[in-house]
Amino acid sequence: MSEADQAPASAPEAAASAVLDALNATDSNGTEALNATAKFVATPEGTALAYGSLVFMALLPIFFGALRSVSCSKSKNAADMPETITSRDAARFPIIASCTLFGLYLFFKVFSQEYINLLLSVYFFVLGVLALSHTMSPLMSRIFPASFPNKQYQLLFTQGSGESKEEIVNYEFDTKNLVCLLISSVVGVWYLLKKHWIANNLFGLAFALNGVELLHLNNVSTGCILLGGLFIYDVFWVFGTNVMVTVAKSFEAPIKLVFPQDLLEKGLGASNFAMLGLGDIVIPGIFIALLLRFDVSLKKNSRTYFYSSFLAYIFGLGLTIFVMHTFKHAQPALLYLVPACVGFPVVIALFKGELTEMFRYEESSSEEAGTKEDATESEKKDQ
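In full-length UniProt numbering, the protein residues as written are 1 to 383.
Below, the structure written as structure tokens:
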């Protein structure tokens with residue numbers, strides 16, 4: 001189990017960037033169930049509770065992020081448009097992630113771990129507040145009564161003047177967004193001061209959900225390239241070197257979900273954690289979300305490919321935990337998740353005679369969609 005183009009800034013884009021930063025930072029190895037207290041031996045009940053909770057938490061952002069990705073792909077609001085990952089991006093991602101991981105390894109070897117983690121804590125505090133605020137926004141819209149005075153605001157920063165004026169930041173928000181931001185800031189301060197595992201998980205879940213919602217693969221082939229590349233990346237850095245394990249133990253940031261194995265003995269103050277990296281949630285998650293959007297494009301009532309890949313993820317994650325405990329060695333989760341999440345839907349498509357249709361399915365990037373829309377409007381005006 002491993003842990004896993006410029007435009008005016010917006011909260012959703014910041015949230016997506018946060019996930020990319022988190023995944024690039026380190027796909028840290030989390031199947032070493034113990035933390036610094038290496039001699040701790042978890043009870044069977046504590047182990048079952050910890051890993052059961054991790055699996056449950058991993059499923060939440062994948063399921064709800066995939067559902068939100070459907071509406072996100074249909075949004076005409078530029079601020080809510082997803083970041084599209086092309087085949088070129090997918091091919092480069094494992095290389096960029098490897099360079100970032102090794103760079104962090106060297107940083108921790110050369111510089112003080114305390115100062116590096118202080119900078120990272122502040123950085124992820126800002127990103128976490130934005131991600132959690134964006135995650136909470138739809139929920140707040142349902143909670144607040146219709147009579148609630150919801151005023152609109154705009155934060156605008158420009159550079160230059162006249163015709164050369166350029167927007168640097170153009171962020172529109174309302175009173176409900178401010179409430180979300182306030183609540184998220186409280187969680188952020190809690191994480192910054194205490195590094196409590198619950199605050200860590202709130203940020204981690206927000207990062208993961210935003211990633212699945214806002215990071216869109218443009219087609220199934222791109223998904224296969226990305227998952228295949230990170231499959232090799234994960235196996236190499238876990239089995240081939242100690243770099244990932246070293247960085248994972250040194251890196252203090254909410255880029256992994258954790259759950260204490262000694263919760264039953266020590267309560268909320270427990271300190272011996274099982275871990276699951278966000279990379280093992282977001283990377284398969286964006287592929288599963290793509291399959292849901294493919295299901296929707298088929299205009300059928302069934303969600304065959306989404307549910308088959310979702311069940312495949314559960315199977316792959318369960319197999320990872322089983323192998324880890326059988327061999328008592330950290331496992332790269334993508335070693336099991338990638339074949340399961342790709343293999344199950346492909347086999348089903350083969351049997352249903354929809355394999356060609358699956359690989360022909362294509363999603364346009366936000367820039368391409370905007371260009372097509374502008375062209376259509378121009379044609380209408382000319383007519």
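For glycine and all other residues, C-beta sits at the position ideal for the given N, C-alpha and C.
The structure presented is a predicted model; accordingly, all values stated were derived computationally and were not measured.
Those residues which DSSP pairs with Asp174 across a bridge: Gln152
With Thr241 as the anchor, note down where its beta strand (DSSP E) starts and where it stops. Element bounds for Thr241: n/a, residue is neither H nor E.
From what residue to what residue does the beta strand (DSSP E) around His216 run? Where His216 is concerned, the enclosing beta strand (DSSP E) stretches over Leu215 to Leu217.
CB-CB under 6 Å to Phe125, same chain, minus the five flanking residues each way: which ones, in chain order? Gly188 and Leu192
Per DSSP, what kind of secondary structure is Met275 in: helix, strand or coil? strand
Using a threshold of 8 Å, state whether the C-beta atoms of Ile85 and Leu226 are closer than that. Here Ile85 is near Leu226, since their CB atoms are less than 8 Å apart.
Backbone CA spacing between Glu363 and Val243 [nearest angstrom]: 36 Å
Based on Cα-Cα distance, which residue from Asp234, Phe239 and Ala253 lies nearest to Lys195? Nearest C-alpha to Lys195: Ala253.
Delimiting residues of the beta strand (DSSP E) encompassing Thr326: Careful: Thr326 lies outside any beta strand (DSSP E), inside the alpha helix (DSSP H) at Thr304 to Phe327.
Starting from Val41 and walking both ways along the beta strand (DSSP E), at which residues does that stretch end? Taken as a continuous stretch (DSSP letters only), Val41 belongs to no beta strand (DSSP E), as it is neither H nor E.
If you follow the beta strand (DSSP E) that Glu83 is in, where does it begin and where does it stop? Glu83 to Ile85
Buried or exposed for Gln261, please, with buried defined as at least 16 other CB atoms from any protein chain shown within 10 angstroms of its CB. Its Cβ being crowded by 16 or more others within 10 Å, Gln261 is buried.
What did DSSP end up calling Ile281 once you bin it into helix, strand or coil? helix
Taking just the CA atoms, how far does Phe294 sit from Leu355? 12 Å
Just curious, the alpha helix (DSSP H) that Leu268 is in, first and last residue? From DSSP, Leu268 is part of no alpha helix (DSSP H); its letter is neither H nor E.
Secondary structure at Gln261, three-state DSSP: helix, strand or coil? coil
In whole angstroms, what is the alpha-carbon distance linking Ser98 and Glu163? 42 Å
Can you give me the C-alpha to C-alpha distance between Tyr51 and Glu114, rounded to a whole angstrom? Near 30 Å, if we compare the C-alpha coordinates of Glu114 and Tyr51.
Per DSSP, which residues does Glu252 bridge with? Please list them. The partner list for Glu252 (beta bridge, DSSP) is empty, contrary to what the question assumes.
Sequence-distant residues of the same chain with beta carbon closer than 7 Å to Phe259, five excluded per side: Ala50, Ser53, Leu54, Phe273 and Ala274
DSSP three-state assignment for Gln113, whether helix, strand or coil: Gln113: helix per DSSP, three-state reduction.
CB-CB length for Tyr313 against Leu337, believed under 8 Å: 6 Å
Nearest-angstrom Cβ-Cβ length linking Gly318 and Cys341, presumed shorter than 8 Å: With 8 Å as the limit, Gly318 and Cys341 do not qualify as a contact, their Cβ atoms being about 13 Å apart.
Which value, in whole angstroms, describes the spacing of the CA atoms of Leu276 and Lys165? 45 Å
Please tell me whether Gly229 and Ala131 are closer than 8 Å, where the distance is taken between their beta carbons. No. Outside cutoff.
Measuring CA to CA, which of Asn177, Leu155 and Glu167 is closest to Ile143? Asn177
Contact check, Thr135 vs Ala206, beta carbons under 8 Å: yes
Please state whether DSSP places Glu167 in a helix, a strand or coil. Strand.
Among all the DSSP beta bridges, which residues are the ones paired with Phe207? None, per the DSSP bridge assignment.
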